[in-house]
Amino acid sequence: MNKILLIIRREYLSRVKKKSFIIMTFLTPLIIAGFYGLIIYFSIKGINDKTDTIAVINQNKTLTEKLISNKNITYDYVDKSFESLKKSLTRSKYDYILYIPDFDIETPKGIELIGTKQAGLSLDGKISDSIEDLIRDYKLKKSGISQADLDNLKSKVIIGTKKIGDSGKEENSSAGASTIIAFVAGVMMFMFIMLYGVQVMRGVIEEKTSRIIEIMISSVKPFQLMMGKIIGIAMVGLTQFLLWIILTFSISALTVSVFVSKQDARKMIASSSKISTGKPGAQQIQAAAINDGPLGNVQKSLENLDIGKIITVFIFYFLGGYLFYSALYAAIGSAVDSETETQQFMMPVMMPLLLGYALSLSVVTNDPYGSIAFWLSIIPFTSPIAMVVRLPYGVPGWELVLSMGILIIGFIGTVWFAARIYRVGILMYGKKASFKEMVKWFWYKN
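Mind the numbering: the sequence shown is residues 1 to 446 in full-length UniProt numbering, read in order.
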């Protein structure tokens with residue numbers, strides 16, 4: 001046991017002391033935040049700053065109403081022939097020409113949008129919607145129904161979703177909030193298992209090719225060496241994961257304090273207090289609509305989610321899934337002499353993980369209580385991802401305990417299986433391994 005602890009300590013300290021580990025641990029939350037911040041910023045900036053000028057040639061005798069310009073699209077009705085304007089488009093101030101022919105209002109066709117560049121999907125959709133609105137308004141006026149009368153007939157329906165919890169009480173729930181957490185947890189679990197599992201394999205290959213393994217094996221048993229390496233790298237991954245959580249919350253709090261001044265915060269508090277204590281009016285109705293709407297449901301459902309339990313279960317399945325797969329990666333690393341030879345062995349190991357990832361983010365999120373979701377969260381090859389995806393929706397306690405127990409048993413079995421290959425493979429040099437050869441190693445006696 002002392003030898004395993006020494007190997008764990010060596011693997012852990014040798015990695016956490018690396019500059020690359022320290023830099024990536026602190027930079028990753030900043031990089032992710034900056035990456036998404038830039039996407040949102042440029043998306044909003046691009047939408048707000050971009051303005052297309054469109055020349056409209058309307059030859060339709062029925063649609064006499066004009067299209068209304070907005071901050072992104074400027075419509076300019078021109079009295080020119082379509083062909084002449086097309087020829088001079090490159091020299092004109094217009095980006096596109098919108099040609100509306102004289103068609104039957106019941107079957108509109110022949111409308112064309114021509115430009116010197118390809119129109120984007122968003123622009124095409126906005127113009128189509130605007131023309132559809134013109135046709136709808138014309139039909140309403142023709143039938144004697146005004147737009148105001150039609151709007152009064154519409155009623156917005158908001159459904160408050162609830163579920164009965166383990167205590168028997170009703171709890172607010174939201175499919176949107178649960179799905180977001182499920183997706184994030186599933187993606188993170190897949191990335192962590194792959195990332196740190198491959199690190200184990202690479203570590204074994206490096207020690208084997210440098211012949212350091214021959215010196216180490218003279219002092220410790222192969223099983224002790226493999227277990228020490230697996231657990232040591234697991235602790236590195238857990239350390240990095242916990243630091244990322246702490247840094248993410250810290251960066252979020254710092255961002256809020258920087259971009260939201262104390263004066264603005266006081267105004268928000270004062271405004272909310274006025275809304276809550278004032279007489280019923282537009283603000284109160286708006287606040288009630290927000291609280292009872294989809295955003296309000298998401299907020300309420302997040303309050304009922306046991307975030308501490310989700311993080312605890314996530315850590316357990318990260319460790320269990322990592323230990324399960326890293327033992328197989330260690331066996332692969334011991335069987336080859338270079339990383340290029342690992343491809344034929346990695347695919348069979350990766351396939352169950354990829355299958356669990358794909359099905360969890362498609363089938364499980366749509367039917368978290370179905371038979372497929374149940375078996376994916378029980379089988380140890382797929383349970384690390386499937387169970388953390390199911391957890392935000394609510395999982396019966398006995399299923400969670402059963403899944404954890406089977407994962408522990410699966411890990412023990414995988415380590416035993418991998419250790420029998422590892423003990424022979426780490427001392428094999430210059431011979432390309434195959435699945436048939438690895439089966440022979442498994443049956444070798446000590």
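Backbone N, C-alpha and C fix where the C-beta goes; we use that ideal spot for every residue, glycine too.
Asked, Found
"Starting from residue 56 and walking both ways along the beta strand (DSSP E), at which residues does that stretch end?", "52 to 58"
"Does the Cβ-Cβ distance between residue 73 and residue 113 come in under 9 Å?", "no"
"Using CA atoms only, rank isn't needed, just tell me which of 349, 67, 63, 62 is closest to residue 53.", "67"
"Counting C-beta neighbours from all protein chains within 10 Å, is the total for residue 64 16 or more, i.e. buried, or is it exposed?", "exposed"
"In whole angstroms, what is the alpha-carbon distance linking residue 361 and residue 190?", "11 Å"
"Quick one: residues in its chain with C-beta nearer than 6 Å to the C-beta of residue 421, no 5 flanking neighbours on either side, listed in chain order?", "331, 438, 441, 442"
"From the DSSP output, in three-state form, read off residue 149 for me.", "helix"
"What is the C-beta distance between residue 414 and residue 314, in whole angstroms, given that I count them as a contact (C-beta under 8 Å)?", "At roughly 21 Å, the Cβ-Cβ gap does not stay under 8 Å, so residue 414 and residue 314 are not in contact."
"Considering just the uninterrupted stretch of the beta strand (DSSP E) at residue 115, what are its terminal residues?", "112 to 115"
"May I ask you to report which of helix, strand or coil DSSP gives residue 98?", "strand"
"Identify every run of the alpha helix (DSSP H) within the region 296 to 375, keeping only runs that are complete inside it and at least 4 residues long; order them along the chain.", "307 to 335, 343 to 359"
"Output the boundary residues of the alpha helix (DSSP H) element that contains residue 4.", "2 to 16"
"Check each candidate in 404, 326, 243 and name the one with the smallest Cα separation from residue 384.", "404"
"Are at least three pairs of beta-carbons, each pair with one atom in the region 343 to 357 and one in the region 216 to 225, less than 8 Å apart?", "no"
"Under the criterion of a Cβ to heavy atom distance below 8 Å, does residue 417 qualify as lining the ligand GDP?", "In the structure on display, the ligand GDP does not appear, and there are no ligands present to speak of."
"Helix, strand or coil: which one does DSSP assign to residue 75?", "strand"
"How do the region 377 to 393 and the region 233 to 247 stand: do at least 3 beta-carbon pairs fall below 8 Å, yes or no?", "no"
"Exposed or buried, which one is residue 136 when buried takes at least 16 other CB atoms within 10 Å?", "exposed"
"Per DSSP, what kind of secondary structure is residue 439 in: helix, strand or coil?", "helix"
"Over the uninterrupted alpha helix (DSSP H) stretch that includes residue 122, give me the two end residues.", "121 to 143"
"Using C-beta distances below 8 Å, list every residue in its chain close to residue 100, excluding the 5 sequence neighbours before and after it, in chain order.", "56, 57, 58, 59, 60, 63, 111, 131"
"Are residue 333 and residue 208 closer than 9 Å when you measure CB to CB?", "yes"
"Taking the beta carbon of residue 340 as the centre, do at least 16 other beta carbons fall within 10 Å, making it buried, or is it exposed?", "exposed"
"Taking the alpha carbon of residue 245 as the point to measure from, which residue in 4, 3, 14, 27 has its own alpha carbon closest?", "27"
"For the alpha helix (DSSP H) holding residue 82, just list the boundary residues, first then last.", "82 to 87"
"Expressed to the nearest angstrom, what Euclidean distance is found between the alpha-carbon atoms of residue 139 and residue 370?", "47 Å"
"Under the rule that 16 or more other beta-carbon atoms within 10 Å means buried, what is residue 128, buried or exposed?", "exposed"
"Do residue 408 and residue 320 have their C-beta atoms closer together than 9 Å?", "yes"
"State the Cα-Cα distance for the pair residue 15 and residue 395, rounded to the nearest angstrom.", "36 Å"
"Is the beta carbon of residue 203 less than 9 Å from the beta carbon of residue 388?", "no"
"If I measure Cβ to Cβ from residue 318 and keep anything under 6 Å in the same chain, skipping five residues before and after, which residues do I get?", "192"
"Kindly list the residues whose CB is nearer than 8 Å to the CB of residue 372, restricted to its own chain and excluding five residues on each side of it in sequence; keep chain order.", "359, 363, 364"
"Got a sec, what are the start and stop residues for the alpha helix (DSSP H) residue 400 sits in?", "397 to 425"
"Rounded to the nearest angstrom, how far is the Cβ of residue 78 from that of residue 85, given a contact under 8 Å?", "7 Å"
"Tell me which residue opens and which closes the alpha helix (DSSP H) that residue 386 is part of.", "383 to 390"
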